[in-house]
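If you read the sequence shown in UniProt numbering, its first letter stands for residue 1, the second for the next number, and so on. By construction, the Cβ of each residue, glycine as well, lies at the ideal position given by its N, Cα and C atoms. This one's a predicted model, so the numbers in the text were calculated from it and none came from an experiment.
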Amino acid sequence: MSTTMGFQTEVKQLLQLMIHSLYSNKEIFLRELVSNASDACDKLRFNALDNPALLSEDSDLRIRVSFDEAAKTITIDDNGIGMSYDEVIANLGTIARSGTKEFFASLTGDQQKDAQLIGQFGVGFYSAFIVAQKVEVLTRKAGLNADQAVRWVSEGQGEFTIEQTEKANRGTTITLYVNEEGETFLNEWKLRDVLRRYSDHISIPIQMEKKEEDKTEWEVVNQANALWTRSKADITDEQYKAFYTHLSHDYDEPLAWTHNRVEGRSEYTQLLYIPKHAPFDLWDRDARRGVKLYVKRVFIMDDAEQLLPSYLRFVRGVIDSSDLPLNVSREILQESRDVKLIREGSAKRVLGMLEDMAENRPEDYALFWTEFGQVLKEGLGEDMANQQRIAKLIRFSSTFDDQATQAVSLADYVARMKEGQDKIYYIVAESFANAKSSPHLEIFRQKGIEVLLLSDRVDEWMLTYFREFDGKSLVSVSKGGLDLDQFSNEEEKKHQEEVTEAYKPLVERLQETLKERVKEVRVTTRLVDSPSCVVVGQNELSPHLLRMLKQAGQEVPDVKPILEINPDHPLVQKVKDLTDADFTDWASVLLDQAMLVEGAQIDDPAAFVKKLNKLLTQA
Numbered sequence: 001m002s003t004t005m006g007f008q009t010e011v012k013q014l015l016q017l018m019i020h021s022l023y024s025n026k027e028i029f030l031r032e033l034v035s036n037a038s039d040a041c042d043k044l045r046f047n048a049l050d051n052p053a054l055l056s057e058d059s060d061l062r063i064r065v066s067f068d069e070a071a072k073t074i075t076i077d078d079n080g081i082g083m084s085y086d087e088v089i090a091n092l093g094t095i096a097r098s099g100t101k102e103f104f105a106s107l108t109g110d111q112q113k114d115a116q117l118i119g120q121f122g123v124g125f126y127s128a129f130i131v132a133q134k135v136e137v138l139t140r141k142a143g144l145n146a147d148q149a150v151r152w153v154s155e156g157q158g159e160f161t162i163e164q165t166e167k168a169n170r171g172t173t174i175t176l177y178v179n180e181e182g183e184t185f186l187n188e189w190k191l192r193d194v195l196r197r198y199s200d201h202i203s204i205p206i207q208m209e210k211k212e213e214d215k216t217e218w219e220v221v222n223q224a225n226a227l228w229t230r231s232k233a234d235i236t237d238e239q240y241k242a243f244y245t246h247l248s249h250d251y252d253e254p255l256a257w258t259h260n261r262v263e264g265r266s267e268y269t270q271l272l273y274i275p276k277h278a279p280f281d282l283w284d285r286d287a288r289r290g291v292k293l294y295v296k297r298v299f300i301m302d303d304a305e306q307l308l309p310s311y312l313r314f315v316r317g318v319i320d321s322s323d324l325p326l327n328v329s330r331e332i333l334q335e336s337r338d339v340k341l342i343r344e345g346s347a348k349r350v351l352g353m354l355e356d357m358a359e360n361r362p363e364d365y366a367l368f369w370t371e372f373g374q375v376l377k378e379g380l381g382e383d384m385a386n387q388q389r390i391a392k393l394i395r396f397s398s399t400f401d402d403q404a405t406q407a408v409s410l411a412d413y414v415a416r417m418k419e420g421q422d423k424i425y426y427i428v429a430e431s432f433a434n435a436k437s438s439p440h441l442e443i444f445r446q447k448g449i450e451v452l453l454l455s456d457r458v459d460e461w462m463l464t465y466f467r468e469f470d471g472k473s474l475v476s477v478s479k480g481g482l483d484l485d486q487f488s489n490e491e492e493k494k495h496q497e498e499v500t501e502a503y504k505p506l507v508e509r510l511q512e513t514l515k516e517r518v519k520e521v522r523v524t525t526r527l528v529d530s531p532s533c534v535v536v537g538q539n540e541l542s543p544h545l546l547r548m549l550k551q552a553g554q555e556v557p558d559v560k561p562i563l564e565i566n567p568d569h570p571l572v573q574k575v576k577d578l579t580d581a582d583f584t585d586w587a588s589v590l591l592d593q594a595m596l597v598e599g600a601q602i603d604d605p606a607a608f609v610k611k612l613n614k615l616l617t618q619a
């Protein structure tokens, strides 16, 4: 007895996109369905490691593609893991993974760009409705009896019917009743051509009927051996790209790839890709991501995150080990010495790819940096062994060109350093605009000293681990104790000594007036156009980091800032001669202005405005 059910709301939306020709390249449906069939065979082979009886009825895994021109059907049949009744409902009636809402929010209305998103969300099965007016799925899970098979039928109109039935063998048979646009695929040559182009790399044999005289035989139409096991000389760029699509369901070409067989203390083959665009869930900390793990060409698991460090989580690919046991688990992977060697070797291989891209294909590297730069920065804190190597790949904005595009390498910065300069200067702010306009940069602009402008959320964390490059320490221009004497001439040094002495009474008055709010008041040389600024001690948390921690719900220490005043500014010169009646208000305004410029919250904005209006009226 069949039961009719409604699709999940998101599936209804997706089907409408499919039926209205979201895919500009309709033959993708065959690639998606064959890829799913291949995954089903891989899963069966993996489950059979613990339960060999699952393979007993038919140990030769295969995928068969056939068509019936008269009935206008295309059939994709596999003898893989199959599905139970509940699994059919879960897998074909819902999009059973997180991020579905983000998927629909990501749709742009551009058919080509939207099509690229679909595979990333694990919903390739629904591409069948590009060419089919009705889809029938007959499936039996490995290990279940013949009468526990399931039939699922839908016309893609918002509902499906499902019933328990019989199926002689395990696996899944998908029958597409093609629509008018799909009739072009009712052709042996067309199907063979699509399969060879898109599925030649699949290690499971893909068979098609070959009729000779009075008999029909099944002929393998793909090479049916794992692409990564072949010699690099025998693989074309198009085959590498097709395999990447099979792995990642990403319809953009990869930016780069590396294919190597490693021999020595640990033997393994790696085929690793760098995508062109970041996945939608790159910042989802709960999402599993990593490469596919095979052991002696037997599929073991998807998303084996232990095989690459976290900061390379954007890498896709396959690692096939000769040393790991077939029953390896995620827990064993965490402790395995062989896995540590694989992770170290693979990280170095990926860094090598990035170095080559940065040196020889700067436009591609700029695209990579836009998509994955913040993730790569995490490596400066996570991978101390490769820290300096990673540092050479990091890109920054800087005062050299005042552009928001992060294009300056540390090597570029060092090459432009002024004579006698032995430090790399930087500033961290909440945005590029805030960093670019900070008063802390004034003396550096006047002296022609380049400053790196940092505004990514990861930057403050990164700099707690990354303190030196090429023998030169990294110094924040917004922290106290800034020594720029080496860039001052004798006249400037003499002027500084004179104004420091002359303004000592003002400093003492400000210190007394603001003692509850500031740690110290002092005269500074870092300001040119601004009357004041706030800094913190060299080893104290910056105001920006304190705000980030507070926003994250963390307890933060009470760090009082240091107020620095510019003795050459007319406002400071005026305050110097004020009577006590107005001095308190002016002192408070000098501090609040400096805090606001720093992006900090002031305690009482209304009081600040009131004082400022009063002082402006008096002026």
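Considering only Thr-173, Ala-168 and Gly-156, the residue with the shortest C-alpha distance to Asn-179 is Gly-156. For Phe-444, same chain residues with a beta-carbon under 6 Å away, outside a window of 5 residues either side, are Val-451 in chain order.
In this structure Tyr-426 is in contact with Leu-454, their Cβ atoms being roughly 6 Å apart against a cut-off of 8 Å.
Here Leu-571 carries a helix assignment [DSSP, helix/strand/coil].
Per DSSP, Gln-133 is not a residue of any alpha helix (DSSP H); the beta strand (DSSP E) it occupies stretches across 132 to 140. Assigned with DSSP and collapsed to three states, Gln-223 falls in coil, not helix or strand. Scanning Lys-292, Lys-296 and Ile-274 for the CA closest to the CA of Phe-314 turns up Ile-274. Listed in chain order, the non-local C-beta contacts of Lys-190 below 7 Å within the same chain comprise Thr-184, local neighbours out to five positions each way being set aside.
Put simply, the backbone Cα of Ala-404 is about 13 Å away from that of Glu-430. Per the Cβ contact rule, the stretch 51 to 58 is not in contact with the stretch 223 to 240 (fewer than 3 Cβ pairs under 8 Å). In the three-state reduction of the DSSP assignment, Met-208 falls in the strand class, which pools E and B.
In this structure Thr-175 is buried. Its beta-carbon is surrounded by 16 or more other beta-carbon atoms within 10 angstroms. Every beta strand (DSSP E) of 3 residues or more that sits fully in the stretch 386 to 467 is shown, in chain order, as 395 to 398, 423 to 428 and 452 to 454.
In the structure shown, the three-state DSSP call for Leu-61 is coil. Secondary structure note for Asp-303: its beta strand (DSSP E) is the uninterrupted segment 298 to 304.
From the listed residues Thr-464, Ser-478, Glu-498 and Ser-329, the smallest Cα separation to Glu-378 is found for Thr-464. Val-523 sits away from Gln-446, with the two beta carbons spaced by 8 Å or more.
Of the residues assessed, Ser-2 falls on the exposed side of the cut-off, its CB having fewer than 16 other CB atoms within 10 angstroms.
Between the stretch 61 to 73 and the stretch 316 to 327 there are fewer than three C-beta pairs closer than 8 Å, too few to call the two in contact. DSSP lists Thr-269 and Tyr-294 as the beta-bridge partner residues of Asp-320.
Assignment of beta-bridge partners to Cys-41 by DSSP yields no partner.
Distances from the CA of Arg-230 to each of Leu-271, Tyr-251 and Lys-210 were compared; the closest alpha carbon is that of Leu-271. With contacts defined by Cβ atoms closer than 8 Å, Lys-436 and Asp-402 form a contacting pair. Taken through DSSP and simplified to helix, strand or coil, His-259 comes out as strand.
Under the three-state reduction of DSSP, Arg-361 is assigned to coil, being neither helix nor strand.
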